[in-house]
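Asker:
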Amino acid sequence: MERLSGELKILSKEEKEGIDEARVSRDEEGDGKRKLYIESYGCQMNFADSEIVASILKKEGFVTTSDKNQAELILLNTCSIRDNAEQKVRQRLRILNATKKGKSNVKIGVLGCMAERLKTQLLEEEKMVDMVVGPDAYRDLPNLINEVETGQKAVNVFLSREETYADITPVKLDTNGVTAFISIMRGCDNMCSFCVVPYTRGRERSREPQTIINEAKELFNKGYKEVTLLGQNVDSYKWKNSQGEIEMTFAQLLASVAEIDPNLRVRFSTSHPKDITDEVLYTIKKYENICSYIHLPAQSGSSRILELMNRTYTREWYINKIDRIREILGDDCGISHDMITGFCTETEEDHKETLSLMDYVRYDYGYTFYYSERPGTPAAKKLEDDVDLETKKRRLDEVIQKQRQHSLERNRRSLNKVVKVLVEGFSKRSEDFLQGRSDQNKVVIFPKENYRKGDYVLVRIDECNAATLKGIAVEKELV
Ligand code: SAH
Ligand code: SF4
Ligand code: F3S
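To convert a position in the sequence shown, counted from 1, into our numbering, add 142.
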């Protein structure tokens, strides 16, 4: 009898509770201190924000815990990007409320994008929430906590034009000790019509460069070997002096971080196709330790849809950028995408253009979504969400299937080649194997031998599937 895969899947604790995509704070030492539990959803920037929050609350005498039952302050750092992201948080709030029942000293706060989007409405809808704090108001947390401790509800959702938390050293919450993320900017000014981020995160602002370089240096001195510079649109990073002249571009920042040490790998995310410059591409080429990998979200392959999305580039412009990347960095540069299927008015023709764009680019990896209308966005106000769910999902599936083929094809290019891997830890399946990433951001698994977490290892690849490369450590690079 044929075995049905997937039928008898054993759920982990996280999957059972519906928090498999969330990051949970870890246990910190600190007897007698107040315990803080933070669960974080959404993007890397949100995860980085939770580390800022932990840092602010550390000064208030809190230590983090991974056990919600131990905590007197429970924080959910939330995401609004799609409806299901918000539904997940609402479901979690219900579970956490059960934790809180009967314990009057336990307080629950909602942070992040959902707090910003819903504001006080969240207090009305979710009765168990004590505190609502938007992404630019974390410095106010000590005051807000004082307020809730007197039995009141507390809210601060003011968005700022300046706040970058530049001076706050994040407390690492969930770390392998090898790779870390650094926020270099906040907010977004792009106004893509489908996107809620400009409303939840406010105006774009860049962080003072020296604080970024110092944070990277500090991480390297602590043994970290890779930093990823984060922003919604990193290519529009700029730091201006008091006369308003540009003192540092993104390319220059990238170079400054790369110059800290050749053994510190540098990555970045996300690049917007309209803003990524040749200067950035040449900087990647110049420094061996800047990874040859670019996440370049397309969102659609149809110029008509791209215009409705207000992405401000056409299919041809996007293809031009891809050609430029390949010209300057070669065919081996890793490229990934974000793609949305079933955006307002999307026809079968438009969808085919997305598939044909994928055929042209042959991406290494892709993050794929079906369109989810977000209240208050330009698309929600002006366009009709007129593609039915079934069609959205079918098109999504076609995009995923195509991506799988391309990922496999791109991974096969590494067969019999030697790649440099930064080891992040044991492989998920076995402690006899180590797992790390190549320059192109591909997951590589190989037998442990005497290698350790944090080592750079040359691995000859002799097996692969669409998701991973497998190989064996070798002494030298093959020519
Ligand atoms: N700043 C990044 C993206 C941030 S959001 C950029 O511009 O590329 C991450 C991804 O979520 C987006 O690239 C998009 O593909 C997806 N996304 C955003 N809003 C969405 C919506 N309303 N429905 C479905 N997917 C969405
Ligand atoms: Fe959203 Fe567009 Fe900004 Fe990305 S660039 S965060 S998709 S508005
Ligand atoms: Fe989500 Fe906010 Fe990030 S909406 S994707 S957590 S910026």
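From the three backbone atoms N, C-alpha and C, an ideal C-beta is built for every residue, glycine too.
Across which residues does DSSP place G251 in a beta bridge pair?
Answerer: BP columns for G251 point to L217 and M273.
Asker: Within a Cβ cutoff of 7 Å, which residues of the same chain sit near S197, ignoring the five residues on either side of it in sequence?
Answerer: Around S197: I310, T311, P312 and V313.
Asker: What do you reckon, is the C-beta of Y513 under 6 Å from a heavy atom of the ligand SAH?
Answerer: Within the cutoff, so yes.
Asker: Identify the continuous beta strand (DSSP E) that holds A615 and give its terminal residues.
Answerer: A615 -> beta strand (DSSP E) spans T610 to A615.
Asker: Quick one: what's G476 bridged to in DSSP?
Answerer: Note: G476 sits in a beta bridge opposite Y435.
Asker: Any idea if A615 is buried or exposed, counting beta-carbon neighbours within 10 angstroms, 16 or more meaning buried?
Answerer: The residue in question, A615, is buried, as its Cβ has 16 or more Cβ neighbours within 10 Å.
Asker: The ligand F3S and T342: does the residue's C-beta get closer than 6 Å to at least one heavy atom of that ligand?
Answerer: Because some heavy atom of the ligand F3S lies under 6 Å away, the Cβ of T342 counts as near it: yes.
Asker: Runs of 4 residues minimum, wholly inside the segment 302-364: which ones carry the alpha helix (DSSP H) assignment?
Answerer: 339-343 and 351-363, all fully within the segment 302-364.
Asker: Using a Cβ-Cβ cutoff of less than 8 Å, which residues in the same chain neighbour C255 once the five nearest sequence positions on both sides are dropped?
Answerer: Taken in chain order, the residues that qualify are G184, N188, T220, C221, S222, I223, P277, V338, V339, T342 and R343.
Asker: Opposite K177 in the DSSP bridges: which residues?
Answerer: K177 pairs with V205.
Asker: Apart from the five residues just before and just after Y179, which ones in its own chain have a Cβ nearer than 8 Å to its Cβ?
Answerer: So the qualifying residues of the chain are V166, S167, T206, T207, S208, D209, K210, Q212, A213, L215, I216 and L217.
Asker: Going by other Cβ atoms of all chains shown within 10 Å of its Cβ, with 16 needed for buried, is L550 buried or exposed?
Answerer: Exposed is the call here.
Asker: For Y115, which beta-bridge partners are listed by DSSP?
Answerer: Nothing can be reported for residue 115: it is not among the residues displayed for the chain, which extend from 143 to 621.
Asker: Could you check what DSSP says for V601 in three-state terms: helix, strand or coil?
Answerer: It is a strand residue.
Asker: Is the Cβ-Cβ distance between L264 and V252 less than 7 Å?
Answerer: Yes, they are a contact pair.
Asker: I'd like to confirm something about C330: is its beta-carbon nearer than 6 Å to some heavy atom of the ligand F3S, or not?
Answerer: It does not: the Cβ of C330 is nowhere closer than 6 Å to a heavy atom of the ligand F3S.
Asker: Taking F588 as the reference, give the member of R602, T292, G329 and D581 with the closest Cα.
Answerer: Comparing Cα positions, the closest option is R602.
Asker: Apart from the five residues just before and just after K416, which ones in its own chain have a Cβ nearer than 6 Å to its Cβ?
Answerer: So the list reads T454 and Y455, once near-sequence residues are dropped.
Asker: Give the DSSP-derived three-state secondary structure of K544 in the structure shown.
Answerer: Three-state DSSP puts K544 in a helix.
Asker: Is C221 near the ligand FMN, going by C-beta to nearest heavy atom under 6 Å?
Answerer: Annotation note on the ligand FMN: not contained in the displayed structure, which lists the ligand SAH, the ligand SF4 and the ligand F3S as its ligands.
Asker: If P439 and M390 are in contact, beta carbons under 8 Å, what's the gap, nearest whole angstrom?
Answerer: No, P439 and M390 are not in contact; Cβ-Cβ is about 24 Å, not under 8 Å.
Asker: Could you give the distance in angstroms between the alpha-carbon of K534 and the alpha-carbon of G373?
Answerer: Cα to Cα, K534 sits roughly 28 Å from G373.
Asker: Taking the C-alpha atoms as reference points, what is the distance between R554 and E469?
Answerer: Approximately 21 Å between the Cα atoms of the pair.
Asker: Just checking my contact of A400 with I432 at CB under 8 Å: how many whole Å lie between their CB atoms?
Answerer: Contact holds; Cβ gap of about 5 Å.
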